[in-house]
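For what it's worth, the working numbering labels the leading residue of the sequence shown as 6, then goes sequentially.
Beta carbons are placed, not taken as given, at the ideal position from N, Cα and C, and that holds for glycine.
In this text the structure is predicted, and so the values were computed from the model without any measurement.
One structure below.
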Amino acid sequence: MRFFVGLHHPHAAQHVSTPAFISVNALRRRKGDFTVGDWIMDSGAFTEVVRFGGYRFGVDEYANQIRRWSKCGTLLAAVAQDYMCESFVLEQTGKTIAEHQQMTVERYDALLREDVGGVYIMPVLQGYEPQSYVDHLRLYGDRIANCAWVGVGSVCKRNSNPMSIIGVLEAIHAERADLRLHGFGVKQTALSVGYIRDALYSADSMAWSFAARVEGRNGNDWREAQKYADRIETTPHQSQLFGRAA
């Protein structure tokens, strides 16, 4: 599994040896290029949907941002503009899981029609119960190619319950074992479980920032990000979880 460390500030990417995960919301404030190695651009979905009830910026604007920043480092993927499906998000939008899934696919389709400079657009599977992720995968149909790199959303709040993440990953892979899954916001607790780590092709987290602030340190310091990424790489994996092979 490849870990991408989340960064608040793009300029911090030049200091970390780990691939970076950077929100387009941080990039919109920049005027000049930044130094980075391998990285993923996030659509800023959590901020947009939770805080504003939807995207303030159209698909065409996001495509322009992708194209603009693709010259910096190696932009491996840009995440499609998805809609999370946790209950508190549904309360914010007043819509159902099925509606969020449909809007996610529609945004993905619209982005593919834009000029993104050849950057890979990462589709996102959304849902809450394991079967709902399968339903969303079926809704995508043949849009998702064989061995595609696909994001798994609405799991970042489940890190304290690794079994719930396992259930989602198992359901997706039972339907499409070929997919290379990316876990959004999957923290060290979950990544210490062997099954989760093996089931994911990649993952990202910015948990280091919150932990640093809680412990009285600088939540924007790239050194904190690097230390967290190093811990992810060296964390021993549990071989079993609740009596189950991991």
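Residues of its chain near residue i, where Cβ-Cβ distance is below 7 Å and the 5 sequence neighbours each way are ignored
i: Thr52; result: Asn30
i: Ile171; result: Tyr200, Ile201
i: His141; result: Gln106, Leu130, Gln131, Gly132
i: Ala176; result: Pro135, Gln136, Tyr138, Val139
i: Ser28; result: Asp47, Gly49
i: Val94; result: Val54, Val55
Nearest to residue i (by Cα), restricted to the options the options
i: Tyr125; options: Tyr133, Pro167, Lys162, Tyr113; result: Tyr113
i: His178; options: Val139, Ile237, Leu116; result: Val139
i: Gly122; options: Asn166, Phe39, Ala68; result: Ala68
i: Lys192; options: Ala153, Glu238, Tyr88; result: Glu238
i: Glu119; options: Ala153, Pro241, Ile71; result: Ile71
i: Leu144; options: Trp154, Asp183, Ile102; result: Ile102
i: Ala234; options: Ser207, Glu220, Val219; result: Ser207
6 Å Cβ shell around residue i - same chain, five flanking residues per side excluded
i: Trp227; result: Ala17, His20, Val21
i: Leu205; result: Met6, Leu186, Gly188
i: Glu111; result: none
Residue environment, residue i, which counts as buried when at least 16 other CB atoms sit within 10 Å
i: Arg236; result: exposed
i: Val10; result: buried
i: Asn164; result: buried
i: Cys161; result: buried
i: Asp47; result: buried
i: Gly59; result: exposed
i: Gly190; result: buried
i: Asp209; result: buried
Cβ distance (whole Å) where residue i is taken to contact residue j below 8 Å
i: Val5; j: Thr109; result: Limits of the chain in this structure are 6 at one end and 251 at the other, which puts residue 5 out of reach.
i: Tyr133; j: Cys77; result: Incorrect: roughly 35 Å between the Cβ atoms, too far for contact.
i: Phe230; j: Leu12; result: It is Ala, not Phe, that sits at residue 230 in the sequence shown. Confirmed, about 6 Å.
i: Pro241; j: Val198; result: Not confirmed; about 11 Å, so no contact.
i: Leu3; j: Val64; result: For residue 3 there is no data in the structure shown, the boundaries of the chain being 6 and 251.
Own chain residues within Cβ distance below 8 Å of residue i, not counting five before or after
i: Met127; result: Ile45, Ala82, Ala83, Val84, Ala85, Trp154, Val155, Gly156, His187
Requested in this report: Could you tell me which uninterrupted alpha helix (DSSP H) segments, each at least 4 residues in length, are contained entirely in the region 109-159, listed from first to last along the chain?
Outcome: Every alpha helix (DSSP H) stretch that sits fully inside the region 109-159 and reaches 4 residues is listed by chain position as 135-145.
Query raised in the report: Where are the alpha helix (DSSP H) runs, 4 residues long or more, that stay fully inside the region 63-114, in chain order?
Result: Along the region 63-114, the alpha helix (DSSP H) occurs as fully enclosed runs of 4 or more residues at 64-74, 92-98, listed in sequence order.
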